[in-house]
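Colleague: Here you go, one structure.
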Amino acid sequence: MMVSDQEIIERFPVGYHLLHPNVSLNFQLNRFYGWANEERMLEELRTVAPRVSDYADWTRVMLEFSDKALSAGRQLPAAYYARAAQFFLRPDDPRFAPAQRRFLDNAEAGNGVTATDRHSVPYGTTRLTAYRFTPARPRGTIVVFGGYDSYIAEWLPAALALRDSGLDTVIFDGPGQGTVLDAGTAMTPDWHLPVAAVLDHFGLSDVTLAGFSLGGCLVMRAAAHEPRVARVIAWDILTDLFEACRGLFESVGLGSLTADFDSLPAPVLDAAVKEGCRSDLLLDWFLEQGRRVMGVDTAGSLFRAWNEYRTDDVSHLVTQDVLLLAGAADHYVPLHMLGDQVLTLPAARSVGARVFTETEQAQNHCQIGNQGLALKVILDWLDQVGGRSAEPSGLY
(Lines of atoms letter the chains of each structure in order from A and count residues from 1; the text may use other names and numbers.)
(Lines give C-alpha, C1' and ligand atoms only; values in the text may rest on other atoms or scores of the structure.)
Protein backbone atom coordinates (compact mmCIF):
# COMPACT_ATOMS: atom_id res chain seq x y z
CA MET A 1 0.00 0.00 0.00
CA MET A 2 1.42 3.34 -1.04
CA VAL A 3 1.83 6.06 1.57
CA SER A 4 2.00 9.65 0.37
CA ASP A 5 4.91 11.88 1.32
CA GLN A 6 2.45 14.20 3.07
CA GLU A 7 1.18 11.38 5.28
CA ILE A 8 4.77 10.48 6.12
CA ILE A 9 5.88 13.95 7.17
CA GLU A 10 2.72 14.44 9.26
CA ARG A 11 3.96 11.68 11.57
CA PHE A 12 6.36 14.22 13.07
CA PRO A 13 5.27 17.13 15.29
CA VAL A 14 5.77 20.76 14.33
CA GLY A 15 6.95 23.21 16.96
CA TYR A 16 10.09 24.03 18.93
CA HIS A 17 8.91 24.50 22.51
CA LEU A 18 10.37 26.51 25.38
CA LEU A 19 10.58 23.77 27.99
CA HIS A 20 13.69 24.83 29.92
CA PRO A 21 15.68 28.09 30.14
CA ASN A 22 18.97 26.25 29.51
CA VAL A 23 19.46 26.19 25.74
CA SER A 24 21.10 22.76 25.69
CA LEU A 25 18.59 21.08 28.00
CA ASN A 26 15.72 22.66 26.11
CA PHE A 27 17.12 21.24 22.88
CA GLN A 28 17.36 17.72 24.31
CA LEU A 29 13.80 17.87 25.64
CA ASN A 30 12.52 18.89 22.21
CA ARG A 31 14.68 16.24 20.57
CA PHE A 32 13.34 13.30 22.53
CA TYR A 33 9.74 14.51 22.46
CA GLY A 34 9.97 14.86 18.69
CA TRP A 35 10.72 11.17 18.26
CA ALA A 36 7.99 9.94 20.62
CA ASN A 37 5.44 12.49 19.33
CA GLU A 38 3.00 12.00 22.18
CA GLU A 39 0.96 14.92 23.49
CA ARG A 40 0.99 13.58 27.05
CA MET A 41 4.78 13.51 26.97
CA LEU A 42 4.87 17.14 25.88
CA GLU A 43 2.60 18.11 28.77
CA GLU A 44 4.87 16.24 31.20
CA LEU A 45 7.93 18.00 29.80
CA ARG A 46 6.30 21.38 30.43
CA THR A 47 6.66 20.62 34.17
CA VAL A 48 10.41 19.92 34.00
CA ALA A 49 12.00 23.38 34.29
CA PRO A 50 11.35 24.07 38.01
CA ARG A 51 12.62 20.60 38.91
CA VAL A 52 15.85 20.52 36.90
CA SER A 53 18.82 22.76 37.63
CA ASP A 54 21.67 20.33 36.97
CA TYR A 55 22.36 16.93 35.41
CA ALA A 56 21.61 15.05 38.65
CA ASP A 57 18.13 16.55 38.69
CA TRP A 58 17.76 15.80 34.99
CA THR A 59 18.55 12.10 35.39
CA ARG A 60 16.27 11.69 38.39
CA VAL A 61 13.29 13.35 36.69
CA MET A 62 13.75 11.55 33.38
CA LEU A 63 13.96 8.15 35.11
CA GLU A 64 10.83 9.01 37.09
CA PHE A 65 8.96 9.87 33.90
CA SER A 66 10.25 6.73 32.19
CA ASP A 67 9.05 4.53 35.06
CA LYS A 68 5.58 6.07 34.93
CA ALA A 69 5.35 5.77 31.16
CA LEU A 70 6.45 2.14 31.23
CA SER A 71 3.89 1.31 33.93
CA ALA A 72 1.20 2.83 31.72
CA GLY A 73 2.31 0.85 28.66
CA ARG A 74 3.53 3.96 26.82
CA GLN A 75 6.52 2.34 25.15
CA LEU A 76 7.93 5.19 23.08
CA PRO A 77 7.80 7.82 25.85
CA ALA A 78 9.31 5.24 28.23
CA ALA A 79 12.09 4.63 25.71
CA TYR A 80 12.95 8.26 25.03
CA TYR A 81 12.72 9.26 28.69
CA ALA A 82 15.19 6.46 29.45
CA ARG A 83 17.48 7.70 26.68
CA ALA A 84 17.24 11.22 28.07
CA ALA A 85 18.11 9.92 31.55
CA GLN A 86 21.11 8.06 30.19
CA PHE A 87 22.27 10.99 28.08
CA PHE A 88 24.37 12.75 30.74
CA LEU A 89 25.39 9.64 32.71
CA ARG A 90 28.90 8.24 32.68
CA PRO A 91 29.09 4.59 31.56
CA ASP A 92 30.32 3.48 35.00
CA ASP A 93 27.17 4.85 36.67
CA PRO A 94 25.03 1.85 37.74
CA ARG A 95 21.99 3.48 36.14
CA PHE A 96 23.60 3.71 32.69
CA ALA A 97 23.21 0.13 31.44
CA PRO A 98 19.61 -0.39 32.66
CA ALA A 99 18.54 2.91 31.09
CA GLN A 100 20.25 1.97 27.84
CA ARG A 101 18.55 -1.44 27.79
CA ARG A 102 15.15 0.07 28.52
CA PHE A 103 15.63 2.59 25.74
CA LEU A 104 16.68 0.04 23.14
CA ASP A 105 14.05 -2.55 24.05
CA ASN A 106 11.16 -0.10 24.09
CA ALA A 107 12.29 1.92 21.07
CA GLU A 108 12.38 -1.28 19.04
CA ALA A 109 9.10 -2.63 20.40
CA GLY A 110 7.32 0.70 20.11
CA ASN A 111 8.38 1.01 16.48
CA GLY A 112 7.47 -2.59 15.63
CA VAL A 113 11.05 -3.69 14.98
CA THR A 114 11.51 -7.45 14.63
CA ALA A 115 14.59 -9.65 14.92
CA THR A 116 14.86 -9.82 11.13
CA ASP A 117 15.14 -6.02 10.94
CA ARG A 118 18.22 -5.99 13.20
CA HIS A 119 21.67 -6.80 11.82
CA SER A 120 25.21 -7.18 13.13
CA VAL A 121 27.80 -6.00 10.61
CA PRO A 122 31.43 -7.21 10.85
CA TYR A 123 33.90 -4.35 11.18
CA GLY A 124 37.50 -5.14 12.04
CA THR A 125 37.51 -6.90 15.40
CA THR A 126 34.08 -5.63 16.39
CA ARG A 127 30.57 -5.41 14.95
CA LEU A 128 28.30 -2.53 13.99
CA THR A 129 24.62 -2.43 14.94
CA ALA A 130 22.37 -1.89 11.93
CA TYR A 131 18.70 -2.01 10.98
CA ARG A 132 17.29 -2.57 7.51
CA PHE A 133 13.76 -1.77 6.42
CA THR A 134 12.88 -2.70 2.84
CA PRO A 135 9.57 -1.83 1.16
CA ALA A 136 7.84 -4.33 -1.11
CA ARG A 137 8.93 -2.42 -4.23
CA PRO A 138 12.01 -0.29 -3.45
CA ARG A 139 12.42 2.96 -5.36
CA GLY A 140 15.98 3.62 -4.19
CA THR A 141 18.39 2.93 -1.33
CA ILE A 142 19.48 5.18 1.54
CA VAL A 143 22.04 4.52 4.27
CA VAL A 144 22.01 6.74 7.38
CA PHE A 145 24.19 7.21 10.47
CA GLY A 146 24.45 9.68 13.33
CA GLY A 147 27.10 11.74 15.02
CA TYR A 148 28.63 12.72 18.34
CA ASP A 149 26.03 11.53 20.83
CA SER A 150 23.49 9.36 19.03
CA TYR A 151 22.16 5.84 19.19
CA ILE A 152 20.82 5.02 15.76
CA ALA A 153 17.80 3.41 17.43
CA GLU A 154 16.65 6.94 18.29
CA TRP A 155 16.17 7.41 14.58
CA LEU A 156 13.83 4.46 14.04
CA PRO A 157 10.72 6.61 13.38
CA ALA A 158 12.53 8.42 10.56
CA ALA A 159 13.88 5.15 9.16
CA LEU A 160 10.37 3.73 8.97
CA ALA A 161 9.19 6.94 7.32
CA LEU A 162 11.89 6.59 4.66
CA ARG A 163 10.90 2.97 4.10
CA ASP A 164 7.28 3.99 3.66
CA SER A 165 8.39 6.60 1.14
CA GLY A 166 9.68 3.74 -1.01
CA LEU A 167 13.33 3.64 0.03
CA ASP A 168 15.28 0.55 1.03
CA THR A 169 16.58 2.00 4.30
CA VAL A 170 19.66 0.98 6.28
CA ILE A 171 20.64 2.80 9.47
CA PHE A 172 23.65 1.97 11.62
CA ASP A 173 25.81 2.86 14.59
CA GLY A 174 29.40 3.31 13.49
CA PRO A 175 32.56 3.35 15.62
CA GLY A 176 32.27 5.88 18.43
CA GLN A 177 28.48 5.80 18.28
CA GLY A 178 25.73 4.21 20.36
CA THR A 179 26.04 0.51 20.98
CA VAL A 180 29.38 0.31 19.15
CA LEU A 181 30.86 2.93 21.47
CA ASP A 182 29.38 1.10 24.47
CA ALA A 183 31.26 -1.99 23.28
CA GLY A 184 34.51 -0.01 23.41
CA THR A 185 35.21 1.05 19.81
CA ALA A 186 36.20 4.70 19.38
CA MET A 187 35.38 6.89 16.40
CA THR A 188 37.55 7.16 13.29
CA PRO A 189 37.87 10.06 10.83
CA ASP A 190 38.32 7.41 8.11
CA TRP A 191 34.56 7.07 7.91
CA HIS A 192 34.61 5.36 4.53
CA LEU A 193 35.76 2.23 6.34
CA PRO A 194 32.60 1.59 8.40
CA VAL A 195 30.48 2.72 5.44
CA ALA A 196 32.27 0.20 3.23
CA ALA A 197 31.67 -2.52 5.82
CA VAL A 198 27.93 -1.79 5.77
CA LEU A 199 27.73 -1.63 1.98
CA ASP A 200 29.69 -4.89 1.71
CA HIS A 201 27.49 -6.64 4.27
CA PHE A 202 24.24 -5.76 2.52
CA GLY A 203 25.63 -5.89 -1.03
CA LEU A 204 24.65 -2.29 -1.77
CA SER A 205 25.68 0.18 -4.48
CA ASP A 206 24.23 3.36 -6.01
CA VAL A 207 23.18 4.50 -2.53
CA THR A 208 22.25 7.80 -0.98
CA LEU A 209 24.42 8.32 2.09
CA ALA A 210 23.13 10.60 4.85
CA GLY A 211 24.73 11.66 8.12
CA PHE A 212 23.10 13.76 10.81
CA SER A 213 24.75 16.08 13.34
CA LEU A 214 28.51 15.28 13.28
CA GLY A 215 27.44 12.84 10.58
CA GLY A 216 27.28 15.88 8.30
CA CYS A 217 31.07 15.92 8.47
CA LEU A 218 31.47 12.14 8.42
CA VAL A 219 29.31 11.77 5.33
CA MET A 220 31.65 14.00 3.32
CA ARG A 221 34.68 12.09 4.53
CA ALA A 222 33.07 8.80 3.49
CA ALA A 223 31.75 9.99 0.12
CA ALA A 224 35.20 11.26 -0.87
CA HIS A 225 36.54 7.69 -0.85
CA GLU A 226 33.54 5.42 -1.50
CA PRO A 227 32.44 5.15 -5.16
CA ARG A 228 29.30 3.16 -4.31
CA VAL A 229 27.85 6.36 -2.84
CA ALA A 230 25.94 8.23 -5.56
CA ARG A 231 24.25 10.94 -3.49
CA VAL A 232 25.25 12.69 -0.26
CA ILE A 233 23.12 14.39 2.41
CA ALA A 234 24.69 16.43 5.23
CA TRP A 235 21.92 16.76 7.83
CA ASP A 236 23.25 19.26 9.00
CA ILE A 237 26.50 20.56 7.62
CA LEU A 238 29.54 20.48 9.91
CA THR A 239 32.79 21.41 8.23
CA ASP A 240 35.05 21.63 11.28
CA LEU A 241 34.34 19.92 14.60
CA PHE A 242 37.17 21.70 16.40
CA GLU A 243 35.81 25.10 15.38
CA ALA A 244 32.33 24.15 16.59
CA CYS A 245 33.82 23.02 19.90
CA ARG A 246 35.86 26.20 20.27
CA GLY A 247 32.61 28.13 20.52
CA LEU A 248 31.82 26.37 23.79
CA PHE A 249 35.19 27.38 25.24
CA GLU A 250 34.76 30.96 24.08
CA SER A 251 31.38 31.12 25.82
CA VAL A 252 33.11 30.64 29.19
CA GLY A 253 36.12 32.83 28.40
CA LEU A 254 38.52 29.99 27.58
CA GLY A 255 38.87 30.49 23.84
CA SER A 256 42.60 31.12 24.15
CA LEU A 257 43.11 27.58 25.44
CA THR A 258 41.99 26.06 22.16
CA ALA A 259 44.14 28.49 20.16
CA ASP A 260 47.35 27.78 22.08
CA PHE A 261 46.80 24.27 23.42
CA ASP A 262 49.85 22.75 21.71
CA SER A 263 52.13 25.23 23.50
CA LEU A 264 50.77 24.43 26.98
CA PRO A 265 52.06 21.60 29.19
CA ALA A 266 49.44 18.85 29.37
CA PRO A 267 48.88 19.17 33.16
CA VAL A 268 48.35 22.94 32.85
CA LEU A 269 45.88 22.53 29.99
CA ASP A 270 43.97 19.76 31.78
CA ALA A 271 43.73 21.85 34.95
CA ALA A 272 42.49 24.92 33.09
CA VAL A 273 39.89 22.91 31.19
CA LYS A 274 38.72 21.20 34.38
CA GLU A 275 38.25 24.58 36.02
CA GLY A 276 36.25 25.84 33.05
CA CYS A 277 33.95 22.84 33.26
CA ARG A 278 32.92 23.81 36.77
CA SER A 279 31.02 26.80 35.42
CA ASP A 280 29.40 25.25 32.34
CA LEU A 281 27.37 22.04 32.29
CA LEU A 282 27.40 21.71 28.52
CA LEU A 283 31.18 22.12 28.26
CA ASP A 284 31.69 19.54 30.99
CA TRP A 285 29.49 17.01 29.20
CA PHE A 286 30.95 17.80 25.78
CA LEU A 287 34.48 17.11 26.99
CA GLU A 288 33.54 13.92 28.81
CA GLN A 289 31.62 12.68 25.78
CA GLY A 290 34.50 13.66 23.52
CA ARG A 291 37.10 11.74 25.50
CA ARG A 292 34.89 8.68 25.37
CA VAL A 293 33.94 8.98 21.69
CA MET A 294 37.50 9.66 20.53
CA GLY A 295 39.12 7.18 22.91
CA VAL A 296 41.52 9.70 24.49
CA ASP A 297 42.33 10.80 28.04
CA THR A 298 43.71 14.34 28.03
CA ALA A 299 42.39 17.69 26.84
CA GLY A 300 45.26 18.12 24.40
CA SER A 301 44.73 14.72 22.80
CA LEU A 302 41.00 15.46 22.54
CA PHE A 303 41.65 18.78 20.80
CA ARG A 304 43.96 17.04 18.34
CA ALA A 305 41.33 14.37 17.71
CA TRP A 306 38.60 16.96 17.14
CA ASN A 307 40.83 18.64 14.57
CA GLU A 308 40.76 15.51 12.40
CA TYR A 309 37.01 15.83 11.88
CA ARG A 310 36.83 18.39 9.11
CA THR A 311 35.79 18.43 5.47
CA ASP A 312 38.16 20.90 3.79
CA ASP A 313 40.78 18.18 3.27
CA VAL A 314 38.40 15.82 1.43
CA SER A 315 35.60 17.90 -0.11
CA HIS A 316 37.45 18.39 -3.40
CA LEU A 317 37.22 14.61 -3.88
CA VAL A 318 33.42 14.52 -3.59
CA THR A 319 31.93 13.96 -7.05
CA GLN A 320 28.36 13.01 -6.14
CA ASP A 321 25.11 14.97 -6.00
CA VAL A 322 25.17 16.74 -2.63
CA LEU A 323 22.40 18.17 -0.43
CA LEU A 324 23.44 20.45 2.43
CA LEU A 325 20.99 21.26 5.24
CA ALA A 326 21.45 23.93 7.93
CA GLY A 327 19.47 25.48 10.75
CA ALA A 328 19.41 29.28 10.85
CA ALA A 329 19.74 29.23 14.66
CA ASP A 330 21.77 26.07 15.24
CA HIS A 331 23.42 26.51 18.65
CA TYR A 332 26.10 23.92 17.87
CA VAL A 333 27.08 24.62 14.26
CA PRO A 334 27.70 28.20 13.02
CA LEU A 335 25.73 29.02 9.87
CA HIS A 336 28.81 30.19 7.97
CA MET A 337 29.82 26.53 7.71
CA LEU A 338 27.13 26.14 5.05
CA GLY A 339 28.94 28.59 2.77
CA ASP A 340 32.27 27.07 3.70
CA GLN A 341 31.04 23.65 2.60
CA VAL A 342 29.52 24.90 -0.66
CA LEU A 343 32.77 26.59 -1.65
CA THR A 344 34.85 23.44 -1.15
CA LEU A 345 32.83 21.18 -3.49
CA PRO A 346 34.20 22.07 -6.95
CA ALA A 347 33.93 18.52 -8.31
CA ALA A 348 30.43 17.65 -7.07
CA ARG A 349 27.91 16.65 -9.73
CA SER A 350 25.44 19.10 -8.18
CA VAL A 351 25.08 20.97 -4.90
CA GLY A 352 21.78 21.84 -3.27
CA ALA A 353 21.49 23.79 -0.03
CA ARG A 354 18.58 24.56 2.29
CA VAL A 355 18.51 26.82 5.35
CA PHE A 356 15.61 26.16 7.73
CA THR A 357 14.13 29.11 9.62
CA GLU A 358 12.37 29.96 12.86
CA THR A 359 9.15 30.63 10.96
CA GLU A 360 9.27 26.99 9.87
CA GLN A 361 10.09 25.87 13.45
CA ALA A 362 13.08 24.07 11.94
CA GLN A 363 15.84 26.55 12.78
CA ASN A 364 17.62 24.32 15.27
CA HIS A 365 20.26 21.62 15.00
CA CYS A 366 19.08 18.78 12.72
CA GLN A 367 15.74 20.57 12.32
CA ILE A 368 14.51 19.49 15.74
CA GLY A 369 11.07 21.10 15.86
CA ASN A 370 10.09 20.18 12.31
CA GLN A 371 11.85 17.04 11.16
CA GLY A 372 8.96 16.27 8.86
CA LEU A 373 9.86 19.33 6.79
CA ALA A 374 13.47 18.18 6.57
CA LEU A 375 12.28 14.79 5.34
CA LYS A 376 10.11 16.48 2.72
CA VAL A 377 13.07 18.51 1.45
CA ILE A 378 15.16 15.34 1.28
CA LEU A 379 12.52 13.32 -0.57
CA ASP A 380 11.89 16.12 -3.06
CA TRP A 381 15.63 16.40 -3.70
CA LEU A 382 15.98 12.65 -4.18
CA ASP A 383 13.23 12.78 -6.79
CA GLN A 384 15.15 15.51 -8.62
CA VAL A 385 18.55 13.80 -8.66
CA GLY A 386 17.43 10.23 -9.30
CA GLY A 387 17.71 8.90 -5.78
CA ARG A 388 14.07 7.80 -5.77
CA SER A 389 12.45 6.42 -8.90
CA ALA A 390 8.90 7.19 -9.95
CA GLU A 391 6.12 5.42 -8.08
CA PRO A 392 5.25 2.05 -9.60
CA SER A 393 2.05 2.32 -11.62
CA GLY A 394 -1.11 0.49 -10.65
CA LEU A 395 -0.54 0.65 -6.88
CA TYR A 396 -3.03 2.42 -4.63
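According to full-length UniProt numbering, the sequence shown is numbered sequentially starting from 1.
All residues carry an ideal CB built from backbone N, CA and C; glycine is no exception.
For Pro13, does the count of other Cβ atoms within 10 angstroms reach 16, so buried, or fall short, so exposed?
Modeller: In the sequence shown, counting from the first residue as 1, residue 13 sits at position 13. Per the 10 Å Cβ criterion, buried.
Colleague: For Ala97 and Tyr33, what's the separation of their Cα atoms in angstroms?
Modeller: Indexing the sequence shown from 1 puts residue 97 at position 97. Indexing the sequence shown from 1 puts residue 33 at position 33. So the alpha carbons of these two residues sit roughly 22 Å apart.
Colleague: Could you check the C-alpha separation between Tyr16 and Gln341 for me, to the nearest Å?
Modeller: The sequence position of residue 16 within the sequence shown is 16, counting from 1. The sequence position of residue 341 within the sequence shown is 341, counting from 1. Distance between the alpha carbons of Tyr16 and Gln341: 27 Å.
Colleague: Let me make sure I understand the geometry here. Which of Cys217, Leu167, Ala299, Ala230 has the alpha-carbon closest to that of Leu254?
Modeller: The residue given as residue 254 occupies position 254 in the sequence shown. Considering only alpha carbons, the answer is Ala299.
Colleague: In chain order, what residues of the same chain lie with their CB nearer than 8 Å to the CB of Leu269, ignoring the 5 residues before and after it?
Modeller: Reading the sequence shown from its first residue, position 269 is the one you call residue 269. For Leu269, where only same-chain residues beyond five positions count, the Cβ hits under 8 Å are Leu257, Phe261, Thr298, Ala299, Gly300.
Colleague: Going by DSSP in three states, Pro94 sits in which element: helix, strand or coil?
Modeller: Along the sequence shown, read from residue 1 onward, the residue named residue 94 stands at position 94. Here Pro94 sits in coil by DSSP.
Colleague: Label Leu162 either buried or exposed according to how many other C-beta atoms from any shown protein chain fall within 10 Å of its C-beta, with 16 as the threshold for buried.
Modeller: For this step, residue 162 is matched to residue 162 along the sequence shown. Answer is buried; the Cβ neighbour count reaches 16.
Colleague: Can you look up Thr169 in the DSSP assignment and give me helix, strand or coil?
Modeller: One-based indexing of the sequence shown puts residue 169 at position 169. Looking at Thr169 - three-state DSSP - the assignment turns out to be strand.
Colleague: Please say whether Val198 and Val219 have beta carbons closer to each other than 7 Å?
Modeller: Position 219 of the sequence shown, counted from the start, is the residue given in the question as residue 219. Position 198 of the sequence shown, counted from the start, is the residue given in the question as residue 198. No.
Colleague: Quick check on Pro157: buried or exposed, where buried means 16 or more other Cβ atoms within 10 Å of its Cβ?
Modeller: As a working mapping, residue 157 is identified with position 157 in the sequence shown. Result: buried.
Colleague: In its own chain, which residues sit with a C-beta less than 6 Å from the C-beta of Ser24, not counting the 5 before and 5 after it?
Modeller: The count along the sequence shown starts at 1 and reaches residue 24 at position 24. Once the five neighbours on either side are set aside, the close Cβ partners of Ser24 are Leu282.
Colleague: Identify, in the order they occur along the chain, each residue of the same chain with its Cβ nearer than 7 Å to the Cβ of Phe202, setting aside the five sequence neighbours on each side.
Modeller: Numbered from its first residue, the sequence shown carries residue 202 at position 202. Once the five neighbours on either side are set aside, the close Cβ partners of Phe202 are Arg132, Val170.
Colleague: Could you tell me the distance, in whole angstroms, from the CA atom of Asp321 to the CA atom of Ala230?
Modeller: In the sequence shown, counting from the first residue as 1, residue 321 sits at position 321. In the sequence shown, counting from the first residue as 1, residue 230 sits at position 230. Between Asp321 and Ala230, the C-alpha separation is close to 7 Å.
Colleague: How about Asn364 and Gly327: are their beta carbons less than 7 Å apart?
Modeller: By 1-based counting over the sequence shown, the position of residue 364 is 364. By 1-based counting over the sequence shown, the position of residue 327 is 327. Cβ atoms of Asn364 and Gly327: closer than 7 Å.
Colleague: Ignore the nearest five residues each way along the sequence and tell me which others in Leu325's own chain have a CB closer than 6 Å to its CB.
Modeller: In the sequence shown, the residue the question calls residue 325 occupies position 325. Only Trp235, Asp236, Arg354 meet the Cβ criterion.
Colleague: Taking only the alpha-carbon atoms, compute the straight-line gap between Ile378 and Arg388 and give it to the nearest angstrom.
Modeller: What you label residue 378 is simply residue 378 of the sequence shown in a count that begins at 1. What you label residue 388 is simply residue 388 of the sequence shown in a count that begins at 1. Their backbone Cα atoms lie some 10 Å apart in a straight line.
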